[in-house]
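Please read the structure below before turning to the comments.
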Amino acid sequence: MTDSPDWTWQDGWILMSLFLAHGESGAALHEIIAMADATNHAIPTPKELNSAFTKFTQRDLVEVIDERYVLAAEHLPGIKKAHDGRGGLFKSSDKGCKWLSKANLTLSNDRVIELSDTEVTAAYWQYRKESEQRKPR
């Protein structure tokens, strides 16, 4: 299966948010939302998340393991290089979209990610709660 999806700016935003939140075991949804807010001062919608994560999983760029989003190790160096390229943090979405457009990712499955409004809202509030707990008193 091959195709070339129309990668959007939002896909690049979510990719780089995942990359920035990604630890050794991937990133939880609330951590991805936190990085999305940090890089764009906005929260991705369930539609944006579902679209990006579906495209990513269908091309084996991301795997969901124990409710954590894990980037394929083979792509981490390329994503890091794109992230570290010219432009600051607020250009990371553009850099993510550019990387996706050039990565030649191949469609390999038909998995669909369907996060509900409730799941995204809960992740948002978890991010906010953890953010408040980190603030100095």
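Note that the numbering used here numbers the sequence shown so that position 36 is 1273, with each residue one more than the last. Even for Gly, the Cβ is constructed at its ideal location relative to N, Cα and C. Just so you know, these numbers come straight off a predicted model, no measurement behind them.
By how many angstroms is the C-alpha of residue j removed from the C-alpha of residue i?
i: I1316; j: F1256; result: 8 Å
i: T1343; j: V1299; result: 13 Å
i: C1334; j: N1277; result: 14 Å
i: T1239; j: R1371; result: Residue placement at T1239 cannot be trusted, given a pLDDT of 48 that sits under 50; the coordinates are not used to answer.
i: R1323; j: K1332; result: 9 Å
i: A1319; j: S1353; result: 31 Å
i: F1290; j: H1259; result: 14 Å
i: E1311; j: D1303; result: 20 Å
i: D1243; j: E1261; result: 29 Å
i: S1254; j: W1246; result: 12 Å
i: R1365; j: D1321; result: 27 Å
i: E1367; j: Y1306; result: 19 Å
Going by the beta-carbon positions, is the gap between residue i and residue j smaller than 9 Å?
i: L1308; j: I1350; result: no
i: P1283; j: W1250; result: no
i: Q1295; j: S1330; result: no
For the ligand GTP, is there a heavy atom less than 8 Å away from the beta-carbon of residue i?
i: S1254; result: Absence of the ligand GTP from the depicted structure is noted, as is the absence of any ligand whatsoever, leaving it without description.
Can you check which of these residues, the options, is closest to residue i by C-alpha distance?
i: L1313; options: L1252, K1366 and D1248; result: L1252
i: F1293; options: A1279, S1329, R1348 and L1326; result: R1348
Cβ pair count under 8 Å reaching 3, the region 1263-1281 against the region 1339-1348: Segments in contact, no.
Cβ contact (3+ pairs, closer than 8 Å) linking the region 1253-1268 and the region 1347-1363: yes
Runs of alpha helix (DSSP H) wholly within the region 1296-1365 (minimum 4 residues, chain order): 1313-1321 and 1329-1339
Alpha helix (DSSP H) segments (min. 4 residues) lying fully within the region 1245-1303: 1246-1258, 1266-1277 and 1283-1295
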